[in-house]
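Numbering (this note's numbering), first residue to last: 14 to 452.
Just so you know, even glycine gets a beta-carbon here, dropped at the ideal spot from N, CA and C.
Note that this is a predicted model, so its numbers are computed, not measured.
Worksheet: one structure, shown below.
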């Protein structure tokens with residue numbers, strides 16, 4: 014079986030190298046972190062889609078060939094090896110890594126088809142598999158020529174609506190420096206993005222950790238791999254990378270299970286800024302709805318739907334953490350820290366529920382405003398009808414065709430009619446207004 018595995022690995026390597034020679038827009042970044050308590054080495058695997066020909070390689074980053082990575086043994090001093098694979102269509106790289114480290118086919122299938130998966134944790138004979146949701150804010154794109162051609166998207170409509178509101182707000186009141194710029198940022202929120210990231214931890218020694226983010230969208234969150242390198246596709250573990258650079262860090266003292274805890278901790282910590290930005294956007298939206306008399310509820314409904322989708326993922330994330338904490342294959346050391354992560358996630362879940370209730374209260378406020386407008390309209394019609402009711406009564410009485418009606422022969426009968434009508438109209442107006450004030 015070992016020979017068959019090596020043949021399959023070589024076949025995949027040839028396919029990957031051939032595809033890379035053809036070129037293309039897809040970018041795959043494969044980083045390798047080898048470390049122990051006193052030493053850290055960082056490598057970028059060449060030949061996996063990461064073009065290093067025009068990059069200035071930092072002294073802290075050492076390139077490694079694709080053949081050496083897959084077929085050479087790791088140095089004896091290495092306590093933990095972390096392999097971070099990120100980029101669009103990185104399936105070939107992940108399949109080769111799965112062959113090398115004997116990852117379970119079911120876990121590999123879930124990792125490659127991440128968009129249709131929920132957060133989960135599964136224990137296999139050779140490794141532990143965790144799928145984690147990473148939340149981020151999706152920003153609206155800048156307006157282009159399609160706006161004038163009538164092909165603008167719904168996000169462009171939202172952007173135009175917010176632009177008009179900010180102009181009216183700015184013309185009506187003064188704001189502090191930078192407030193308008195912050196409003197612009199919150200106005201560009203298109204929705205809540207979710208990237209499902211896979212984590213593999215070798216068992217039982219925990220000497221190898223693999224993170225995989227197969228981003229299939231054309232545009233994702235972009236970060237820099239190194240200050241001197243070009244930006245690559247989404248990498249959500251920048252804080253963990255910075256922590257590894259510190260020689261006194263706990264990550265350098267423990268095995269891969271503690272590294273997996275760090276990934277879960279950062280995934281939860283990234284929810285806080287998302288919730289904070291959403292809260293600010295909802296506050297601005299509710300304020301604009303009040304100013305615009307609740308004429309357009311589309312954006313607040315969009316935010317509410319995005320928050321409900323986020324709440325569903327958070328519930329699944331909570332079940333994942335509870336499962337990992339209760340799993341006997343995870344040692345008590347990381348479990349203590351995972352309980353703190355669970356508490357933070359529960360707080361985030363409560364914050365999201367609170368934001369959903371604020372969005373739903375906007376619907377209640379809109380319905381109350383509409384009822385108020387309807388009541389005001391009905392009250393106005395009632396006042397008008399009641400005001401002219403005495404004049405209609407007098408008209409009906411004196412319009413009867415009886416033979417003997419003394420008032421019809423009076424010289425001042427016409428003036429008497431209008432005098433009585435005016436007095437009764439004024440009396441009704443005073444009565445109705447006083448009754449409204451008492452109410």
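Note that the segment 290–307 does not touch the segment 260–276; fewer than 3 beta-carbon pairs, one per stretch, sit closer than 8 Å. Residue pairing by DSSP puts residue 94 in a beta bridge opposite 47 and 221. Note that the C-beta distance between residue 366 and residue 324 is below 8 Å. Counting only residues of its own chain and dropping the five nearest sequence neighbours on each side, residue 429 has a CB closer than 8 Å to the CB of 420 and 423. As the crow flies, the alpha-carbon of residue 139 is around 7 Å from that of residue 115. In the displayed model, residue 390 falls within a helix according to three-state DSSP. Beta-carbon to beta-carbon, residue 47 and residue 91 are separated by about 4 Å, close enough to satisfy the 8 Å threshold. Within the same chain, Cβ atoms closer than 6 Å to the Cβ of residue 347 are found at 270, 271 and 274, the five residues on either side in sequence being excluded.
Taking C-alpha positions only, residue 425 is separated from residue 432 by approximately 11 Å. The continuous alpha helix (DSSP H) containing residue 271 extends over residues 269–282. For the segment 358–445, the continuous alpha helix (DSSP H) assignments of 4+ residues that do not extend past its boundaries occur at 402–411, in sequence order. In this structure, the beta-carbon distance from residue 144 to residue 123 falls below 8 Å.
By the neighbour-count criterion, in which a residue is buried when 16 or more other Cβ atoms sit within 10 angstroms of its Cβ, residue 314 is exposed.
Contact check for residue 224 against residue 142 fails: the beta carbons are separated by 8 Å or more. Annotation: residue 137 is outside any alpha helix (DSSP H) and is labelled neither H nor E by DSSP. With respect to the 8 Å criterion, residue 333 and residue 133 are classified as neighbours on the basis of their beta carbons. Partner residues in the beta bridge of residue 206, as assigned by DSSP, are 149. Annotation: residue 100 to residue 106 spans about 10 Å, alpha carbon to alpha carbon. A direct Cα-to-Cα measurement between residue 296 and residue 208 gives close to 26 Å. Judged by their CB atoms, residue 351 and residue 337 are nearer to each other than the 8 Å cut-off. By DSSP's assignment, residue 350 forms no beta bridge with any residue. Restricting attention to 220, 444 and 59, the CA atom closest to the CA of residue 400 is found in 444.
For residue 251, there is no enclosing beta strand (DSSP E); the enclosing alpha helix (DSSP H) has its first and last residue at 251–257. With respect to residue 342, residue 136 sits close: the two C-beta atoms are nearer than 8 Å. With contacts defined by Cβ atoms closer than 8 Å, residue 205 and residue 322 form a contacting pair.
In this structure, residue 278 places its C-beta atom within 8 Å of the C-beta atom of residue 354. Setting aside the 5 residues that flank it on each side, residue 252 is surrounded in the same chain by 279, each with a C-beta closer than 6 Å to its C-beta; the list follows chain order.
By the neighbour-count criterion, in which 16 or more other beta carbons inside 10 Å mark a residue as buried, residue 84 falls on the exposed side. Residue 55 is bridged by DSSP to 46 and 74. Distance from the CA of residue 318 to the CA of residue 203, rounded to the nearest whole angstrom, comes to 12 Å. With respect to the C-alpha of residue 43, the residue from 438, 79, 50 and 88 having the closest C-alpha is 79. Straight-line measurement puts the Cα of residue 388 at about 33 Å from the Cα of residue 410.
Looking only at 255, 434, 379 and 372, the smallest Cα-Cα distance to residue 308 is reached by 379.
With a cutoff of 8 Å on beta-carbon distance, residue 362 and residue 331 are scored as near each other.
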